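In what follows, a structure is listed as C-alpha cells, so that the remarks can point back to it.
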Amino acid sequence: MTDTSFDLTGKVALLVGGGRGIGAGIAASLARAGADVVIADYDIGLAEESSAAIAAIGRRSGAIAVDVRHPDSVQAMVDAVEQQFGRLDIAVNNAGIVSIGSVGELAIDQWDDVMAINLRGVFLCCKAELALMRKNRFGRIINTSSIAGKVGFPDLSHYTASKFGVIGFTNAFAKEVAAEGITVNALCPGIVGTGMWRGETGLSGRWAQEGESEEESWARHQATLLPQGEAQTPEDMGQLAVFLASAPHVTGQAMAVDGGFSL
Ligand SMILES: NC(=O)c1ccc[n+]([C@@H]2O[C@H](COP(=O)([O-])OP(=O)(O)OC[C@H]3O[C@@H](n4cnc5c(N)ncnc54)[C@H](O)[C@@H]3O)[C@@H](O)[C@H]2O)c1
Numbered sequence: 001m002t003d004t005s006f007d008l009t010g011k012v013a014l015l016v017g018g019g020r021g022i023g024a025g026i027a028a029s030l031a032r033a034g035a036d037v038v039i040a041d042y043d044i045g046l047a048e049e050s051s052a053a054i055a056a057i058g059r060r061s062g063a064i065a066v067d068v069r070h071p072d073s074v075q076a077m078v079d080a081v082e083q084q085f086g087r088l089d090i091a092v093n094n095a096g097i098v099s100i101g102s103v104g105e106l107a108i109d110q111w112d113d114v115m116a117i118n119l120r121g122v123f124l125c126c127k128a129e130l131a132l133m134r135k136n137r138f139g140r141i142i143n144t145s146s147i148a149g150k151v152g153f154p155d156l157s158h159y160t161a162s163k164f165g166v167i168g169f170t171n172a173f174a175k176e177v178a179a180e181g182i183t184v185n186a187l188c189p190g191i192v193g194t195g196m197w198r199g200e201t202g203l204s205g206r207w208a209q210e211g212e213s214e215e216e217s218w219a220r221h222q223a224t225l226l227p228q229g230e231a232q233t234p235e236d237m238g239q240l241a242v243f244l245a246s247a248p249h250v251t252g253q254a255m256a257v258d259g260g261f262s263l
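According to my numbering, the stretch in the sequence shown is residues 1 to 263, in order.
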C-alpha cells in the first residue's frame, strides 16, 4: 500500500546549490518534514549559513563545497555524504545560473557556462548520487528545471535549452531506474525573487525599461508573466519538493509551481 504521509523522518537529503534562494528554501522545507539535510554549494560560506538554518530546525546537517562542473568535485561531495551520513535518500540538483543575450549576441562562453552548470551539472550529480542510492534500492531525485524548460524565452535561448534539456534527461533517466525504487522528477519554478531575479544584476534589473526602477520592473514581470499576478516563493518550491520526496509512484514528471503560467 502506498504511504501517503509527508513524513521524511530518518531520510538523508542532499541539496546541491542549496546555499541560498530556492535551494535554501527547499532544504528548510525538507528539514521541517523531518529529513536531515546536507547543503552543497559552490560558495561554502552560503552553504554553511544554510546548513546552520537546518540545524536550527533541529535536524542533522553539514556543508560541503562543490563545483557541479567538475566530476571529481561532484564525486567527492557524494563520498562525503556517504562518510558522514551513511546513506542518501533524497537529492535535489538545483545549482543553476543565468545570463542574457540574443543568439546573435551570445558569446560561445555564455552558452558553455550555462550548459556546464545547468545541464551537465545535473547529469554529473545524478550519476554520482545514483551509485549511492542503489545500495539501498531507494531514492528520490529532484532536478530543478524552470518555466523556461517548458516555453522558450527570448534572450535566454541558452538557458531555455539547458532547462528543456533537464526535463528530457529527467524523463529518460526516470525510466532507466523506475524498477529500482528510485524516482526522478523535475521541478519547474515560475518567478521567484531570489538573486537570479532581483537587484541591478538580476533579470528584473537588467530587463528594466527606460526610466523604470528595478522594483517597478519586478512588479511588471510578475503582472505580465504570471496569471496569478504574484511571484512564487522558495517555500512554494519546498512544498512540491516534499511531495516529490514522498511520492513513490510519481516519476519522470516535470511539475511547475508557476501560478498558472505553463501547461
Ligand atoms: N529564481 C527564479 O525565478 C527561477 C525560476 C526558474 C528556475 N530557477 C532555477 O532554480 C535554481 C535556483 O535558482 P535561484 O533563483 O535560487 O538562484 P540563486 O542564484 O539564488 O541560487 C543558485 C545557487 O547555485 C549555486 N551555484 C551556482 N553555480 C554553482 C556551481 N558551479 N556548483 C555548485 N553550486 C553552484 C550558487 O552558489 C547559489 O547558491 C536554478 O537552477 C535556477 O535556474 C529559478
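Idealized CB from N, CA, C, for every residue including glycine. Note that the coordinates shown come from a computational prediction; the quantities given were computed from them, not determined experimentally.
ALA208 and ASN143 do not touch by the CB rule: their CB atoms are close to 31 Å apart, not below 8 Å.
The stretch 36–51 makes contact with the stretch 19–26; the number of CB pairs closer than 8 Å reaches 3 or more. Between the C-alpha atoms of VAL114 and VAL98 there is a straight-line separation of about 7 Å. When C-alpha distances from ASP7 are compared across VAL257, GLY252, SER246, the shortest belongs to SER246.
The beta carbons of ALA231 and ILE167 sit no closer together than 8 Å.
With distances taken between CA atoms, PHE85 lies nearest to GLY10 out of ALA219, GLU235, GLY10.
Exclusion of the five residues before and after GLU200 leaves GLU214 as the residues of its chain whose Cβ lies within less than 7 Å of its Cβ. Set against 7 Å, the gap from the CB of ARG20 to the closest heavy atom of ligand 1 is smaller. Linking TRP111 to GLY149 through their CA atoms gives a straight-line distance of about 16 Å. Within the same chain, GLY229 come within 6 Å of ALA223 by CB-CB distance, once the 5 residues on both sides are set aside. THR2 has its Cβ no nearer than 7 Å to any heavy atom of ligand 1.
By the C-beta density criterion, LEU244 is buried, having at least 16 other C-beta atoms within 10 angstroms. For the stretch 28–57, the continuous alpha helix (DSSP H) assignments of 4+ residues that do not extend past its boundaries occur at 44–57, in sequence order.
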